[in-house]
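Novice: If you count the sequence shown from 1, position 65 lands on 65 in UniProt numbering, and the numbers rise without skipping.
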Amino acid sequence: MSYFLDHLVVCASDLTQGRLWAEGLLDVPFEPRGAHDEMGTHNHLVALDKASYFEVIARDPEAAKPDHARWFDLDNFGGGPKLSNWVVRCDDLDEAWERAPAIVGDIKSFRRGDYAWRMIIPKDGKPLFDGCFPTLIEWHSDHPTQHMPQRDLRLRRLKLTHPKAADLRAALAPFVEAMDHVTIGDGRTASLQAEIGSASGEIWIA
Numbered sequence: 001m002s003y004f005l006d007h008l009v010v011c012a013s014d015l016t017q018g019r020l021w022a023e024g025l026l027d028v029p030f031e032p033r034g035a036h037d038e039m040g041t042h043n044h045l046v047a048l049d050k051a052s053y054f055e056v057i058a059r060d061p062e063a064a065k066p067d068h069a070r071w072f073d074l075d076n077f078g079g080g081p082k083l084s085n086w087v088v089r090c091d092d093l094d095e096a097w098e099r100a101p102a103i104v105g106d107i108k109s110f111r112r113g114d115y116a117w118r119m120i121i122p123k124d125g126k127p128l129f130d131g132c133f134p135t136l137i138e139w140h141s142d143h144p145t146q147h148m149p150q151r152d153l154r155l156r157r158l159k160l161t162h163p164k165a166a167d168l169r170a171a172l173a174p175f176v177e178a179m180d181h182v183t184i185g186d187g188r189t190a191s192l193q194a195e196i197g198s199a200s201g202e203i204w205i206a
C-alpha cells in the first residue's frame with residue numbers, strides 16, 4: 001500500500017473571493033470552475049507539481065443543499081479563505097479505512113465528468129483533528145494533474161499544529177509514506193501552514 005499527498009484544500013465563504021485570494025498569493029491562474037452536485041460545492045484547482053494540486057472550494061449558492069453534511073465542514077465555514085484540510089491518496093481505500101481512526105467516516109463514491117474517485121467522509125462533515133488528519137482518497141480515473149498545465153509551484157512543507165499533537169502523530173503513523181513534507185507540532189489551537197515554492201520565491205499559506 002502506498003500513500004501520497006494528493007492535494008491541499010483552502011475553504012472559502014465565496015468561491016470567487018477564495019480564487020482571487022489564492023491567485024494573488026501564488027501569482028498563477030487557476031483552472032476553470034468545477035462543481036460537485038452531490039455535495040453542493042464548487043471549486044477551482046491549480047497544479048502544485050505533476051502529482052498533487054491546490055484546491056479552493058466553497059458552498060455553491062446555486063446548488064441544492066444536500067441532505068447530508070458537506071465535506072471539509074463547509075456547512076459551518078465562515079470568514080476569509082483558509083487552508084483547512086489536506087488530502088492523502090492511496091490505492092486501496094478499504095485498507096486505508098481499516099488503518100484510520102474508527103470515527104474517520106464512511107467511504108463514498110463520486111463522479112464529475114471524466115473523473116471518478118472514492119473518499120472517506122465523516123458523518124458530520126468535520127475532518128478529524130480539526131482538519132490536521134487528512135481526508136483519504138482513491139482515484140478511479142486519471143488524476144486531475146494529468147490534464148492541468150504546470151505552474152512552477154512546489155510544496156516545500158506542510159506544518160500541522162494541534163493541542164493533541166501526540167495523538168495526531170499516532171493516528172498518522174500508518175500513513176507515514178505521505179509525510180515526506182509534513183511536520184507536526186504542539187500548539188494551543190489547530191492550524192495548517194503550507195510553504196509553497198514558486199517562480200517568485202517562497203510563499204506561506206495558512
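Beta carbons are placed, not taken as given, at the ideal position from N, Cα and C, and that holds for glycine.
Do A116 and H140 come within 9 angstroms of each other at the CB atom, strictly closer than that value?
Specialist: Yes, they are a contact pair.
Novice: So, for P29: in the same chain, excluding its five sequence neighbours on each side, which residues have a beta-carbon less than 6 angstroms away from its beta-carbon?
Specialist: Excluding sequence neighbours, P29 sits near nothing in its chain.
Novice: Sorted by chain position, which residues of the same chain lie with C-beta nearer than 7 angstroms to D6's C-beta, five sequence neighbours on each side aside?
Specialist: Correct list, in chain order: S52, V87, V88, R89, I137.
Novice: Quick one: give me the first and last residue of the alpha helix (DSSP H) that E23 is part of.
Specialist: Segment 15 to 26, the alpha helix (DSSP H) holding E23.
Novice: Report back the beta-carbon spacing between C11 and F110 to the nearest angstrom; my notes put them in contact at under 8 angstroms.
Specialist: No, C11 and F110 are not in contact; Cβ-Cβ is about 18 angstroms, not under 8 angstroms.
Novice: Below 6 angstroms CB to CB, which residues in the same chain sit around E55 once its five sequence neighbours on both sides are set aside?
Specialist: Hits under 6 angstroms: H7, V9, N43, L45.
Novice: Does the Cβ-Cβ distance between A69 and P134 come in under 9 angstroms?
Specialist: No, these two residues do not count as a Cβ contact at 9 angstroms.
Novice: For the region 149 to 177, list the alpha helix (DSSP H) runs that are entirely contained and at least 4 residues long, ordered along the chain.
Specialist: The qualifying runs are 165 to 172.
Novice: Just how far apart, CA to CA, sit A35 and L15?
Specialist: Taking the straight line joining both Cα atoms gives about 11 angstroms.
Novice: Might you give, ordered along the chain, the residues of its own chain that have their beta carbon closer than 7 angstroms to the beta carbon of M39, omitting 5 neighbours on each side?
Specialist: Answer for M39: P66, R70, W71, listed in chain order.
Novice: Is the beta carbon of G187 closer than 9 angstroms to that of H162?
Specialist: In this structure, G187 lies closer than 9 angstroms to H162 by Cβ.
Novice: Compare the C-alpha of P81 against each of L93, Q17, D114 and name the closest.
Specialist: Per the Cα distances, Q17.
Novice: Please name the residue or residues paired with N43 in a DSSP beta bridge.
Specialist: The partner list for N43 (beta bridge, DSSP) reads G34, I57.
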